[in-house]
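Working notes for the structure below.
2 protein chains.
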Amino acid sequence: MIRVALVEDDDKIRNNLIDMLENSHDFRCVAAYSNAEETLRDISNKLPDIILMDINLPGIDGIECTQKLKTTMPELLIVMLTVYEDANKIFRSLQAGAVGYLLKLTPNHEILSALNDVSKGGSPMSAQIARKVIQSFHQPQKEKENSKVRLTNREEEILDLLSKGFLYKEIAAELSISHDTVHNHLRKIYEKLQVHSRTEAVVKYLKE
Amino acid sequence: MIRVALVEDDDKIRNNLIDMLENSHDFRCVAAYSNAEETLRDISNKLPDIILMDINLPGIDGIECTQKLKTTMPELLIVMLTVYEDANKIFRSLQAGAVGYLLKLTPNHEILSALNDVSKGGSPMSAQIARKVIQSFHQPQKEKENSKVRLTNREEEILDLLSKGFLYKEIAAELSISHDTVHNHLRKIYEKLQVHSRTEAVVKYLKE
DNA sequence: CCTCTATTTACCCAAACGGGCTATTGAAAT
DNA sequence: ATTTCAATAGCCCGTTTGGGTAAATAGAGG
């Protein structure tokens, strides 16, 4: 029997996963947590072989949690199970030590076979996810090295003003350019930082 | 002749103030800066008696600038001249060492008479501003001590999610409450933090 | 018992934002 | 000479946000 633990804050999804595991022949659900903090505190009492980890958790997120878990229990196999299909989250998860990355819309039987893969030393991920991972190797080495994407001077300038809470039109006034140009720079910035809002961009920026 | 310096990022307003000073009998404008950084660098060459300081400056804001100026030139008289009528900014300004607090809508002749007051040892401020200052002495000491406003647990929880870039509706889903409730908590948070947008709130929050 | 606060929900509305698209200019690189 | 790219500007459109206003409930503290 392979010991599996869950970290998932949505009650319904968590209970579905528990059912799935308990109705299987090969797996046992030895723990189910709703947040990262509890997981980090309690996991050493349960010693699962595999963890199915949600990314979007209240407080410490699944990626950070993965990182912390791997430092204390490096043999633990962690599989991300999440709604995000975004390249950045995938890479950060894998870098944090996850061995697999599944989307939440994956049918139960595929999740189970993925868990089997994992226990056999595989790394399950959907074809779309795999493609994104593969593509990362096609990127010229240059870009991989400084994974901290390079913003142009103008973009940094705008991001800085953004982080001070200025509106588009205030930034435009400040820099004597049009509202639309600010808008355009912001799009490029969001694309480069892999985010979709002011807040996310500013948070990344402030963490330098 | 009383030597006055200006710190104001808006060209039009700054030039209006220069005109006002130059057309007066008692004052000379010895410097006019558009930002705090330049002011801090250059002010020791100009040695004004009084500074009229805007709060909303790009980069270092007027309050921080006031603080820094007072450490190196404690005899300098600084008068805030700003659009903000909010209690928090007023107190922080006065604590930083400002001796007066005027609103930008104050007519020129009143600004001049305020400058006269200042040079005579007075502290000019409008009746509304004065009221807010007075009221601060009526507040129980408790609240004055921890000026770092207290957010409720719920509010912190929501602010935390906000800082992770979640949308209102995502926060609502996360906490199993309605979109409107999230909206309302955010209003309270903004009010307590004296901000007017996600970005500003998150920046304050991340700076702990 | 009454008041105050925290938490919750709701409706309205204007401003701000995010993304899809296209396009011009000038500089730098190939 | 041609291509690439940063910077500029614009239009369209749906979504998100912020603020006004109102109100109900439950718990704490007088």
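Respectively, the protein sequence lines represent chains A and B.
Residues in the first sequence are numbered from 604 upward in steps of one, following the numbering used here.
Residues in the second sequence are numbered from 604 upward in steps of one, following the numbering used here.
Think of the CB as a built atom: it goes at the ideal place given N, C-alpha and C, for glycine as much as any other residue.
Fair warning: this is a prediction, and the values are worked out from it, not measured in the lab.
Measuring straight from C-alpha to C-alpha, what distance separates residue i and residue j?
i      : j      : result
S696/A : R644/B : 46 Å
I693/B : Y704/B : 7 Å
L708/B : L684/B : 9 Å
T614/A : S637/A : Note that residue 614/A corresponds to Asp in the displayed sequence, not to Thr. Cα to Cα, the separation comes out at about 8 Å.
T760/B : I792/A : The amino acid at residue 760/B is misidentified as Thr; the sequence shows Glu. Roughly 28 Å separates the two Cα atoms.
T784/A : E803/B : 22 Å
S739/B : T755/A : Note that S739/B scores a pLDDT of 46, beneath 50, so its modelled location is shaky and nothing firm can be said.
N659/A : S779/A : 39 Å
V633/A : D657/A : 17 Å
K671/A : P651/A : 15 Å
K649/B : P727/B : 24 Å
A699/A : I654/B : 52 Å
L609/A : K767/B : 22 Å
D612/A : L770/B : 17 Å
H720/A : V702/A : It is Asp, not His, that sits at residue 720/A in the sequence shown. Each residue's Cα considered, the two are about 10 Å apart.
R617/B : L796/A : 37 Å
R801/A : I621/B : 37 Å
S647/A : R790/B : 41 Å
E641/B : E758/B : 38 Å
A725/A : L679/A : The displayed chain sequence assigns Gly, not Ala, to residue 725/A. Distance between the alpha carbons of G725/A and L679/A is about 14 Å.
I663/A : I663/B : 31 Å
V682/B : V798/A : 41 Å
S722/A : T669/A : 17 Å
I774/A : R631/A : 56 Å
K810/A : K810/B : 11 Å
E794/B : N711/A : 46 Å
E713/B : N619/B : 14 Å
For the alpha helix (DSSP H) containing residue i, list its first residue and its last residue.
i      : result
L718/B : 711-722
A639/A : 639-649
L765/A : 756-766
V785/A : 782-796
I621/A : 614-625
A804/B : 801-809
Give me the Cβ distance between residue i and residue j, rounded to the nearest whole Å; I'm assuming they're in contact under 8 Å.
i      : j      : result
Y559/A : L764/A : No information on residue 559/A is available, as it lies outside the stretch 604 to 811 that chain A covers here.
P661/A : E777/B : 6 Å
E607/B : L718/B : First, the residue type needs correcting, since residue 607/B is Val and not Glu in the sequence shown. 7 Å between Cβ atoms; contact.
V805/B : V806/A : 6 Å
K772/B : H788/B : 14 Å between Cβ atoms; not a contact.
M604/A : L715/A : Between L715/A and M604/A the Cβ distance is about 13 Å, and since that is not below 8 Å, they are no contact.
G665/A : A639/A : 7 Å
Where do the N-terminal and C-terminal ends of the beta strand (DSSP E) with residue i fall, by residue?
i      : result
A635/A : 630-636
I774/B : First-last for I774/B: 771-778, but that is the alpha helix (DSSP H), not the beta strand (DSSP E).
L684/A : 680-685
M604/B : From DSSP, M604/B is part of no beta strand (DSSP E); its letter is neither H nor E.
G703/A : 703-706
L660/A : Neither: L660/A is in no beta strand (DSSP E) and is coded neither H nor E.
M676/B : Here M676/B belongs to no beta strand (DSSP E), and DSSP marks it neither H nor E.
Name, please, each residue of chain A whose Cβ falls closer than 7 Å to the Cβ of residue i.
i      : result
R801/B : R801, T802
E777/B : P661
Name the chain B residues that come within less than 9 Å of residue i, Cβ to Cβ?
i      : result
V798/A : G768
L765/A : T802
V610/A : In chain order: nothing, as chain B lies at least about 15 Å away.
L809/A : V805, V806, L809, K810
Since residue i meets chain B, which of its residues come closer than 7 Å, beta carbon to beta carbon?
i      : result
V607/A : Under the 7 Å cutoff, chain B gives no residues; its nearest Cβ is about 24 Å from V607/A.
So residue i contacts chain A; which residues on that side make the cut at Cβ distance below 8 Å?
i      : result
L718/B : Going along chain A, no residue has its Cβ under 8 Å from L718/B, so there is no contact; the nearest lies around 28 Å.
Using the beta-carbon of each residue, which ones in chain A are nearer than 9 Å to residue i?
i      : result
E713/B : Result: empty, since nearest Cβ-Cβ is about 27 Å, beyond 9 Å.
E758/B : Residues of chain A passing the Cβ test: none, with the nearest at roughly 14 Å.
Is any non-hydrogen atom of the ligand NAP found closer than 6 Å to the C-beta of residue i, if you look at the structure I gave you?
i      : result
I666/A : The ligand NAP is not among the ligands present in this structure, which contains no ligands whatsoever.
Taking one C-beta from the stretch 672-680 of chain B and one from the stretch 621-636 of chain B each time, how about it: are there three or more such pairs within less than 8 Å?
No, because fewer than three Cβ pairs between the stretch 672-680 of chain B and the stretch 621-636 of chain B fall closer than 8 Å, the two stretches do not touch.
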